[in-house]
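Report on the following structure.
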Amino acid sequence: MGEVIPAPWGGYIVTSFSLCDRILRDKTWNVPDRQWRTSQADAVRWSSPASQQMAASLPMLNPPRHARERRSLGALFPHKSLAGLRPFVERAVNRLLDRFTDALHQGPADFNTLVSEELPVIAIGEWMGIPSADYGLLRDLTHDQVFAQELFPTPSQLALSDAATMQLRRYFAELIRARREKPGIDPVSAWLKTWDDLEPDRHRADKAVHGLALFMILAALETTAHVLSSAVRLLLEHPEQMEYLRQHPHLIPDAVEEALRYDAPIHMISRIAPADTELAGTLVPAGQMVQLMVGAAHHAPDQYPEPHRFDVRRRASHLAFGAGIHYCAGNALARLEATALLTALLSRPIRLRFSTPPRFAPRVAFRRITSLQLALA
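Quick note on the working numbering: the sequence shown kicks off at 152 and runs consecutively.
What follows is the structure in structure tokens.
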């Protein structure tokens, strides 16, 4: 249909890799921040508590505020930090795979539930110093909150998202209060110290850290869980690729990148035109939203030879973590988890097969596998 398509609901859809990449890297294109959302006619959609919470999060901040808050995070996962996390992640992977294997001996088991949705909350929870008893609650609240970030949430979905947002706000308000009373060596305590130096008003400092902590949970769980399940799904659908990786495990990081390209956790990224802008011969008026369909861009034949072929040796760039100033801050941790999982899984003597077809949530923007039932081959 073309590189730029008028959307029937308003705004425009962008499908080409080159345009998606260019817009993401262009600092003049804005994200739909709080000011943009409050100016829209659909108040129920854009002024809900969940929508306003996302508008206050790092990915929805425009310069110069974005630069200040991004700097306050520091280097989230530098090499030293990742090196310290790696043994913990690898132990968690093996523990989860042991449990999954035990379940397989009783019959088909859901890899998504037993492994993919557990590992991300364990990893980010350990890093942030969150009690393990709270992992299940945070995972469930994240599943509900993400509805507000979808293209067409229903009123009932928005209600679920709003309720989850309020619970998450209360949870992280209590977490920050506890870290104020007893600081640790965790990143939340470090962010509090940083913001105390940046902001003399303690209430504002706490509010900034609250937004960062809540955002880290929302950003880390569903997206990474999808990457884990999707990588395993794609390898099972392409058994020759799986066997090749068993023989060439040094290519596992490349397989992770190909899974990110082939079925990215986020298929749609929103941007707002800063001025009347011509894109591929189409005039996009100032203030109009464009939906960057990166899932489609990842299958553009002018960017990727045989784009619909899954190939762990491809070694191609992608937009699964975005690009430009809003490039995903947690990409290194997601890659570590996926690499550790595939390395451990492929080193085991078990062989797997689908017991039923994978099931997906009916979404547009955020991909989510809801069931990945596997059995011993």
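For each residue, glycine too, the CB sits at the ideal point set by N, CA and C.
Proximity winner among the options, relative to residue i (alpha-carbon distances)
i: S312; options: L326, H294, A324, Y322; result: H294
i: V378; options: T494, F366, V407; result: V407
i: G446; options: D462, E488, V515, D427; result: V515
i: T375; options: Y286, K333, R518; result: R518
i: V272; options: A260, F262, D285, D261; result: D285
i: S199; options: F461, P306, E429; result: P306
i: T433; options: I164, P159, W160; result: I164
i: A431; options: S169, G162, G161, L484; result: S169
i: R412; options: A426, A437, S381; result: S381
i: V155; options: A448, A359, A491; result: A448
i: A491; options: L236, A254, K231; result: L236
i: R465; options: F472, E457, A471; result: E457
i: I368; options: A158, G287, P334; result: G287
i: A274; options: Q191, G258, V240; result: V240
i: R222; options: W346, M440, E391; result: W346
i: M279; options: L343, R250, T264; result: L343
i: W160; options: R486, I327, E388, M440; result: M440
i: A243; options: A234, A260, E277, Q257; result: E277
i: W197; options: Q300, L326, Q442, A234; result: Q300
i: T135; options: Q203, A371, D261; result: The chain is shown only over 152 to 528; residue 135 falls outside these bounds and no answer can be derived.
i: R176; options: R422, A489, G153, P304; result: R422
i: S232; options: Q454, L484, S190; result: L484
i: Q398; options: P436, L289, V463, S208; result: V463
i: G225; options: A341, Q257, L402; result: A341
Burial state of residue i, where buried means 16 or more other Cβ atoms lie within 10 Å
i: S498; result: exposed
i: I336; result: exposed
i: Y478; result: exposed
i: G475; result: exposed
i: S468; result: exposed
i: H361; result: buried
i: W180; result: buried
i: A218; result: exposed
i: R330; result: buried
i: E332; result: exposed
i: F472; result: buried
i: E268; result: buried
i: M211; result: buried
i: P282; result: exposed
i: E429; result: exposed
i: P238; result: exposed
i: P436; result: exposed
i: M152; result: exposed
i: S202; result: buried
i: Q204; result: buried
Collapsed DSSP secondary structure at residue i in the structure displayed
i: P456; result: coil
i: Q439; result: coil
i: T166; result: coil
i: T433; result: strand
i: S340; result: helix
i: V407; result: helix
i: P425; result: coil
i: V155; result: strand
Contact set for residue i: own chain, Cβ-Cβ below 6 Å, skip 5 residues either direction
i: A315; result: L292, D295, Q296
i: L227; result: A480
i: R510; result: T521, S522
i: P416; result: T374, H377, V378, R518
i: L527; result: L255
i: V266; result: L247, F251
i: A364; result: F323, V339
i: A359; result: W346
i: H147; result: The chain is shown only over 152 to 528; residue 147 falls outside these bounds and no answer can be derived.
i: P304; result: F298
i: Q191; result: W197
Close beta carbons around residue i, own chain, < 8 Å, minus the five adjacent residues each side
i: M444; result: I164, V165, T166, C171, H418, M419
i: P400; result: T494, L497, S498
i: A158; result: I164, Q442
i: R504; result: L387, L525, A526, L527, A528
i: N213; result: N181, V182, D184
Same chain, Cβ closer than 7 Å to residue i, five either side skipped, listed in chain order
i: T252; result: I501
i: A410; result: V378, S381, A382, L385
i: A206; result: D184, R185, R188
i: D357; result: I327
is_contact[residue i, chain C] using C-beta, thresh 8 Å
i: T374; result: This model lacks chain C altogether, as it is built from one protein chain only.
Pick out the complete alpha helix (DSSP H) segments inside the segment 219-296, 4 residues or longer, and give them in chain order. 230-255, 270-279, 286-296
Length-filtered (4 minimum) alpha helix (DSSP H) runs lying within the segment 455-528: 482-498
Can you list the beta strand (DSSP E) stretches of 3 or more residues lying completely in the segment 351-402, in chain order? none
At 3 residues or longer, and completely inside the segment 179-224: list those beta strand (DSSP E) runs for me, N to C. none
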